[in-house]
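For what it's worth, full-length UniProt numbering labels the leading residue of the sequence shown as 1, then goes sequentially.
Below: one structure, written as structure tokens.
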Amino acid sequence: MASSKLSLTSGRQWLTGIASSETFIYIIKRLAQALLTLLLASALSFFIIQLAPGDYLDTLRQNPKISPERIEQLRQQFGLDRPWIEQYFRWLWRIVTQGDFGTSFVYQRSVSSLLWERVGATLLLAISSLIVTWAIAIPLGIVAAVKQNQWSDRVLQIISYTGQGFPSFITALLLLIFAQNVSPLFPVGDMTSINHADLTPLGKILDVGWHMILPTIALSITSFAGLQRIARGELLDVLRQDYIQTARAKGLPENRVIYVHALRNAINPLITILGFELAGLLSGAFIAEFFFNWPGLGRLILQAVLAQDLYLVMASLVMGAVMLIVGNLIADLLLKVADPRIKLENP
């Protein structure tokens with residue numbers, strides 16, 4: 001009996017400690033702020049979409065097989081006969097009460113189910129690109145900073161400037177030409193082979209991974225070039241600081257000076273950049289998806305915009321805003337972990 005009371009008391013103290021911690025309070029405040037941000041962003045987006053001439057039904061009017069009566073029936077069914085303010089609040093109320101983002105005009109299906117089918121493929125491609133970019137750019141940035149003005153630094157700078165100067169669609173186009181010349185070494189189109197269903201579980205993973213190679217490279221090159229330059233610049237700034245010279249004067253090994261003292265202080269701006277890159281995962285994958293026929297959100301959203309599929313467009317915009325908020329929050333928390341001296345400010 002006494003032990004159960006003791007464990008209960010310890011549990012309450014643990015929960016009280018979490019609730020009163022700086023990080024927990026900061027997260028709660030940021031989430032509350034995020035709800036207001038999402039509300040304002042969704043209202044503004046809905047209003048801007050309404051400024052576009054016409055609507056989804058305009059494309060149906062060009063079809064002589066669809067009668068005006070059917071057009072009017074669809075207008076009432078989709079709620080397009082109501083003022084935009086009423087449309088917005090009805091859409092918002094369904095989200096709050098039912099978690100329903102509406103029905104796609106084009107696909108005649110739930111918007112949530114459409115996004116759920118595609119988001120996995122997009123996140124798989126975008127996160128793999130993020131991992132590849134950071135795994136290559138940070139070490140090369142360190143090499144360029146340590147070997148400043150040497151031949152290796154100059155070569156990396158040329159690669160960096162070249163990568164930043166190439167638009168993403170040019171990179172994707174060149175990779176498509178390369179794939180055509182070495183066909184069938186690198187598959188292009190879709191994310192699986194025709195015989196994917198007949199493969200073993202390991203074979204299926206390798207099949208998807210093999211299809212991801214070229215889209216991941218196309219998505220990574222521009223980001224890699226910019227990140228490598230930033231890592232080099234930040235590390236060079238830190239290496240010039242007095243405490244780095246003091247550490248060297250004390251006889252510390254050069255690797256310890258660079259990787260323990262210098263890199264730890266140079267990493268903070270890169271973590272901030274990581275937050276914005278997480279926010280751009282969905283939009284950044286669009287070009288790679290379009291060129292390599294990757295079944296992700298990019299093509300779905302493009303078709304929704306062209307067809308003025310209102311609720312599908314709105315759901316994609318809200319998803320992008322959520323990614324921006326989550327990315328910034330993760331970056332702030334990672335900064336706190338990387339440098340405990342940083343105090344989380346009240347939003």
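All residues carry an ideal CB built from backbone N, CA and C; glycine is no exception.
- Annotated as distal: Pro-167 and Ala-179, with beta-carbon spacing of 9 Å or more.
- In this chain, the alpha helix (DSSP H) harbouring Leu-57 covers 57-61.
- In the same chain as Arg-118, and ignoring 5 residues on each side of it, the C-beta atoms closer than 6 Å to its own belong to Gly-296, Leu-297, Leu-300, in chain order.
- Within the same chain, Cβ atoms closer than 8 Å to the Cβ of Thr-162 are found at Ala-225, the five residues on either side in sequence being excluded.
- The Cβ atoms of Leu-274 and Ala-218 do not sit closer than 9 Å to each other.
- Contact check for Phe-46 and Met-314: beta-carbon distance about 6 Å, within the 8 Å limit, so the pair qualifies.
- The shortest CA-to-CA distance from Thr-222 to any of Pro-201, Thr-246, Ile-170 is the one to Ile-170.
- For Met-191, there is no enclosing alpha helix (DSSP H), as DSSP marks it with neither H nor E.
- Residue environment for Pro-201: exposed (fewer than 16 other C-beta atoms within 10 angstroms of its C-beta).
- In this structure, Phe-292 keeps its C-beta atom at 9 Å or more from the C-beta atom of Ala-126.
- In the same chain as Ile-271, and ignoring 5 residues on each side of it, the C-beta atoms closer than 7 Å to its own belong to Ala-331, Leu-334, Leu-335, Ala-338, in chain order.
- For Val-257 against Arg-248, the beta-carbon gap comes to about 6 Å, under 8 Å, which counts as contact.
- Around the beta carbon of Gly-141, a 10 Å sphere encloses 16 or more other beta carbons of the protein chains shown; the residue is thus reported as buried.
- Apart from the 5 residues on each side of it in sequence, Trp-210 sits with its Cβ closer than 7 Å to the Cβ of Pro-187 in its chain, given in chain order.
- For Phe-224, the enclosing alpha helix (DSSP H) stretches over residues 201-239.
- Only exposed fits Ile-131, as fewer than 16 other CB atoms lie within 10 angstroms of its CB.
- Inside the stretch 100-136, DSSP marks no whole alpha helix (DSSP H) run of 4 or more residues.
- Close CB contacts of Ile-325 within its chain, under the 7 Å cut and outside five residues either way in sequence, are with Ala-34, Thr-37 (chain order).
- Closest in C-alpha terms to Gln-76, from the list Phe-105, Pro-53, Arg-109, Pro-253, comes Phe-105.
- Cα atoms of Val-305 and His-261: separation of roughly 49 Å, rounded to the nearest angstrom.
- Remark: three or more beta-carbon pairs, one from each stretch, lie closer than 8 Å, so the stretch 139-154 and the stretch 226-233 are flagged as touching.
- Distance check between Val-208 and each of Leu-114, Thr-192, Asp-198, Leu-214 places Thr-192 closest, using alpha-carbon atoms only.
- For Asp-309, there is no enclosing alpha helix (DSSP H), as DSSP marks it with neither H nor E.
- Cβ-Cβ separation between Trp-91 and Tyr-311: approximately 7 Å, consistent with a contact (criterion under 8 Å).
- The Cβ atoms of Gln-308 and Tyr-56 sit closer than 9 Å to each other.
- Gly-320 is classed as buried because its beta carbon has at least 16 other beta carbons within 10 Å across all chains shown.
- In the displayed model, Ser-183 falls within coil according to three-state DSSP, outside both helix and strand.
- Arg-82: not part of any alpha helix (DSSP H); DSSP gives it neither H nor E.
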